[in-house]
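Engineer: There's a structure below that I have some questions on.
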Amino acid sequence: MQKQAFTLTELLIALGIIGTIAALSIPSLMTSVHNKMLATQLQNNVESVQQAIANQKIINNTKDLTETKFKDEAGFYSLFQTTKSEKCSATVKCWGSSYRVIGAQTKYEGKPPENAIRLKNGATISYSLEDTADAYGNKHLAEVFIDVNGADEPNIVGRDYFAFFISKDGKISGNRSVGPGTCDTPSECFNALIKNNYNVPADKDYYNTDEHDEG
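Read in order, the letters of the sequence shown correspond to residues 1132 to 1346 in this note's numbering.
Next up, the structure:
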């Protein structure tokens, strides 16, 4: 009985198809992995802040963060500064030169705070007192801006650049979005990311959540 075998032409065609599929899928896979890495870095930094809040409440025997090192910028930075952290300055670049919002090609007009430090893990973090309330009436003590990989790209609000609020009693939250399924500011993107289970959408997409309708 004669055995069937692939011809050289058929093998080359098959390899060509496999190569084409790989060329199309690998960039998307790499982007997905990178997005997950950035989200994990943000999550780790947020957990560090949450741990610092818990520690300060215990050390100072209080539920009020105004009675802890969270009462001002210097106190906050002292909780995270190490021999490998640096204060941002003209010679220590901490933020990207410009940012845009995920899902859009337009430039983000907001400016990162000048008062910030670069942590030993490469993230840049800024803390400023924020005596405001959100749309639900929650009182803010401070606002934290963070770029999880400092000045390095992608420099996109909603991928590596976020902001969140800390309340007087230590709750961390973002700001609800003004429109369905998207975010336009760092704090809105933080809120969207949390509601999206720390899953960052593709660069061309907006967050597909309903955070604008929820508290």
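Using N, Cα and C, we set each Cβ at its ideal position, and we do this for glycine too.
By alpha-carbon positions, which one of S1298, V1275 and N1280 ends up nearest to P1317?
Structural biologist: If we check each option's Cα against that of P1317, V1275 comes out closest.
Engineer: Which residues bound the alpha helix (DSSP H) around Y1208?
Structural biologist: E1204 to F1211 is the extent of the alpha helix (DSSP H) around Y1208.
Engineer: Among F1207, A1273 and Y1292, which one has its Cα closest to the Cα of G1281?
Structural biologist: Checked all of F1207, A1273 and Y1292; the closest Cα to G1281 is Y1292.
Engineer: Assuming L1272 is part of the beta strand (DSSP E), what are its boundary residues?
Structural biologist: H1271 to D1278 is the extent of the beta strand (DSSP E) around L1272.
Engineer: Taking T1193 as the reference, which of C1314, K1299 and G1289 has the closest Cα?
Structural biologist: T1193 has its Cα closest to that of K1299, out of C1314, K1299 and G1289.
Engineer: Alpha carbon to alpha carbon, how far is K1238 from S1229? Give it in angstroms, no decimals.
Structural biologist: Straight-line Cα distance between these residues: approximately 7 Å.
Engineer: Going by C-alpha to C-alpha distance, which of A1333, D1315 and Y1338 sits closest to I1089?
Structural biologist: Here the chain covers residues 1132 to 1346 and nothing more, so residue 1089 does not appear.
Engineer: Is the segment 1169-1186 close to the segment 1245-1259, with three or more CB pairs under 8 Å?
Structural biologist: Contact between the segment 1169-1186 and the segment 1245-1259 is present, because at least three Cβ pairs lie under 8 Å.
Engineer: Quick one: Cα of V1288 to Cα of C1320, how far?
Structural biologist: Looking at the two C-alpha atoms, the distance is approximately 7 Å.
Engineer: If you draw a straight line from the C-alpha of V1223 to the C-alpha of Q1212, how long is it?
Structural biologist: Distance between the alpha carbons of V1223 and Q1212 is about 15 Å.
Engineer: Taking N1166 and V1331 to be in contact with their CB atoms under 8 Å, please state how far apart those CB atoms are, rounded to whole angstroms.
Structural biologist: Sure, about 4 Å apart at Cβ, within 8 Å.
Engineer: Pick out whichever of S1304, A1294 and A1185 has its Cα sitting closest to the Cα of P1243.
Structural biologist: Checking every option, the nearest Cα to that of P1243 belongs to A1294.
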